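**Student:** Submitted below is the structure of interest, expressed as structure tokens.
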Amino acid sequence: MTQEAVQAAADQANREGKLHPSQRRMVLDANFWTLVLVLLVLVALAVLTPIWFGISPAMIQATNNLNAYFGKPLVSYWSKNAPLYVMSLVFLVLAVYPGRAIGRRLADWRGGKVDVVTGLTHDFGHVQHRPSGVLPPMYLYEITERIPFTYLVVNGKSYRLDPDLKRRVLGGRANGAVFVPRSKILVNVIAA
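Here the sequence shown is numbered in our numbering, starting from 19 and rising by one per residue.
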């Protein structure tokens, strides 16, 4: 299939409220795999921190034998290792954020549904700063930060457009911004 045929099929699927198979890679992109890596590292740290840095019961027993010999108070296993278990708990709590983001993206990928937000797209053209003041619900602007970037803003949320999407959206006409419902990733722009 040619690129145009794939894009036409994706547009038709999006109009029907479905995610086209060619768009699924946009949901499971490099950011998704980075989140998976971060989640794995945090869980590994939570599990391995007490193992690597913890004081074993045998070491506690040896310390207590020395403390008893010198007349010092005895120590318990939990008093020596409590900070490590607190640190493990912190790692697990931090792992919740990437875990939820991964869950949302996987649900979008499996569900295969999209939301379409339609509206007249106002084009501000090339600007020095992001437009402010009373703004339309959907607008387009280009800004140069060493290289030019084009942004589409839908209901206050800004999305940087790649060159393919930039060619598809035209200012001054009704466009439909196509999102996956849970993670709100812009996957397509169609003429409304």
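Backbone N, C-alpha and C fix where the C-beta goes; we use that ideal spot for every residue, glycine too. Please read all numbers here as calculations on a predicted model, not as lab measurements.
So what does DSSP say about ILE69, is it helix, strand or coil?
**Tutor:** Three-state DSSP puts ILE69 in a helix.
**Student:** Could you check whether ASN206 and ASP213 sit closer than 9 angstroms to each other, using their CB atoms as the reference points?
**Tutor:** Residue 213 lies beyond the range of the chain shown here (19 to 210); nothing can be said about it.
**Student:** Could you spell out the range, first to last residue, of the alpha helix (DSSP H) harbouring VAL104?
**Tutor:** From DSSP, the alpha helix (DSSP H) with VAL104 extends over 95-112.
**Student:** May I ask you to list the residues that DSSP assigns as paired with HIS144?
**Tutor:** GLU160.
**Student:** Touching or not, the segment 66-79 and the segment 92-102, by the rule of three or more beta carbon pairs under 8 angstroms?
**Tutor:** Cβ pair count under 8 angstroms is three or more, so yes.
**Student:** Restricting to Cα atoms, I'd like to know which of PHE197, HIS144, ALA113, LYS36 is closest to LEU53.
**Tutor:** The residue with the shortest Cα to Cα distance from LEU53 is ALA113.
**Student:** Any idea if TRP127 is buried or exposed, counting beta-carbon neighbours within 10 angstroms, 16 or more meaning buried?
**Tutor:** Buried is the call here.
**Student:** Alpha carbon to alpha carbon, how far is VAL108 from LYS184? Give it in angstroms, no decimals.
**Tutor:** Rounded to the nearest angstrom, the two C-alpha atoms are 42 angstroms apart.
**Student:** Taking LEU158 as the reference, which of PHE142, GLY151, PHE167 has the closest Cα?
**Tutor:** With distances taken between Cα atoms, LEU158 lies closest to PHE142.
**Student:** At which residues does the beta strand (DSSP E) containing LEU46 begin and terminate?
**Tutor:** Premise fails: LEU46 is in no beta strand (DSSP E) and is neither H nor E.
**Student:** Rounded to whole angstroms, what is the Cα-Cα separation between VAL56 and PRO116?
**Tutor:** Each residue's Cα considered, the two are about 7 angstroms apart.
**Student:** Run the CB neighbour count on ASN85, radius 10 Å, all protein chains shown included, and call it buried at 16 or more, exposed below.
**Tutor:** Result: exposed.
**Student:** Please report the distance separating the alpha-carbon of PRO166 from that of PHE197.
**Tutor:** When rounded, the distance between both Cα atoms is 24 angstroms.
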